[in-house]
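In my numbering, each number is its position in the sequence shown, counted from 1, plus 615.
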Amino acid sequence: MSRIGLPVLETPRLIIREIEESDVYDMFEYASLPNVGPVAGWEPHKSLSYTKSIIKMFRNKYQYGQLGVFAIVLKESDKMIGTIELHTYVKNHKAELGYTISPYFWGNGYAYEAAKAVISWGFNELELKRIECTAFVNNNQSNRVCEKLGLDFECVRKKGYMLYDGSIHDISCYAITDDEYFKSIRS
Ligand SMILES: CC(C)(COP(=O)(O)OP(=O)(O)OC[C@H]1O[C@@H](n2cnc3c(N)ncnc32)[C@H](O)[C@@H]1OP(=O)(O)O)[C@@H](O)C(=O)NCCC(=O)NCCS
616 MSRIGLPVLE TPRLIIREIE ESDVYDMFEY ASLPNVGPVA GWEPHKSLSY TKSIIKMFRN
676 KYQYGQLGVF AIVLKESDKM IGTIELHTYV KNHKAELGYT ISPYFWGNGY AYEAAKAVIS
736 WGFNELELKR IECTAFVNNN QSNRVCEKLG LDFECVRKKG YMLYDGSIHD ISCYAITDDE
796 YFKSIRS
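Written as C-alpha cells, this is what we have:
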C-alpha cells in the first residue's frame, strides 16, 4: 500500500507535521511521565529506545491503511510538544481524533489549536463524514477540548475501555459530522 502523505498544517502558533525519528528526545520527555500516557490509555515510556520504537510504529501506520501521526511543534522554539492524529480511519467515512500535549505546556490552548487544524484537514481534504473523540469520563481536560471544538457529547460507553493494566473504564464519546462542521464555520 502506498504511503498516505501527511500534509504540513500551520496555525498561528504551531507547525503540525509528520512525526520524525528526531522527535525522540522531546517525546520521551513527556511520554515517560506518569500523568500523561495512562490518562490517554497507554503505558509511560520506560526508555528512549521504547520511544524510538513507538515513533517507528507511528511512521509505519500507512502500511495498514492508516494515516500516520502528526507531531505538534511550537513555531517560536521549534520544540515538539505533543502528537495528534486521526486514527481508526475508514476511508470516505470516519476517523477518531487522538491527542497528547506535554504537561509542561498544558492549559495554553495548544490541543484545541492543533485539533482545529486537523479537523479541518479531515473534513476538507479527506472528505470524512464524521470525526469522533473518546476519553475516560474523568478526563476533564480532553472532554473540555472536545466541547471547545464543537463536538457533541453523544454517550458514555459504560465499561467501554480496558487499560493496559487490565482495569476497565467508562468512556465519554464525542463526535461532529461534516454537515455540522461546515455549518459551524459558515456561521
Ligand atoms: C487533553 C490534553 C491534550 C489537553 O491539552 P491542552 O493543550 O492543555 O488543552 P487546551 O489548553 O486546548 O484545553 C484544555 C481545557 O481544559 C481545561 N481544564 C484543565 N483542567 C481541567 C479540569 N481539571 N477540569 C475541567 N477543565 C479543565 C482548561 O481550562 C482548558 O479549557 P479552557 O480553554 O476553557 O480554559 C492534555 O491535557 C493531555 O495531553 N492529557 C494527557 C493525554 C490525554 O488525556 N489525551 C487525550 C486522550 S483522548
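We treat Cβ as the ideally placed atom computed from N, Cα and C, and that holds for glycine.
Distance cut-off 7 Å: G737 Cβ against heavy atoms of ligand 1
no
*With a CB to CB cut of under 7 Å and the five nearest residues on each side skipped, what residues in its chain are close to G652?*
A646, E658, P659
Run through the DSSP bridge pairs and tell me what Y714 is partnered with.
I699
- Task: Might you give, ordered along the chain, the residues of its own chain that have their beta carbon closer than 6 Å to the beta carbon of E635, omitting 5 neighbours on each side?
- Result: none
**Study point:** Inter-residue spacing [alpha-carbon to alpha-carbon] between S668 and G656
**Key:** 18 Å
Query raised in the report: What are the start and end residues of the beta strand (DSSP E) that includes I828?
Result: Summary: the structure shown does not reach residue 828, with the chain confined to residues 616 through 802, and so no result is reported for it.
Next item on the list: Tell me whether D638 is buried or exposed, calling it buried when 16 or more other Cβ atoms sit within 10 Å of its Cβ.
Entry: buried
Can you give me the start and stop residues for the beta strand (DSSP E) that G722 sits inside?
It is not in any beta strand (DSSP E) - G722 carries neither H nor E in the DSSP assignment.
Got a sec, what are the start and stop residues for the beta strand (DSSP E) I670 sits in? Per DSSP, I670 belongs to no beta strand (DSSP E); it is in the alpha helix (DSSP H), 663 to 674.
- Going by DSSP, which residues form a beta bridge with E625? I630
Going by the beta-carbon positions, is the gap between P718 and N675 smaller than 8 Å? no
- Message: Looking at L743: is its Cβ nearer than 8 Å to the Cβ of K709?
- Response: yes
Report back the beta-carbon spacing between E747 and Y789 to the nearest angstrom; my notes put them in contact at under 8 Å.
7 Å
Worksheet entry | Three-way DSSP call (helix, strand, coil) for V651 in this model | coil
| Under a Cβ-count criterion, where at least 16 other Cβ atoms within 10 Å of its own Cβ denotes burial, should L764 be classed as buried or exposed? | buried
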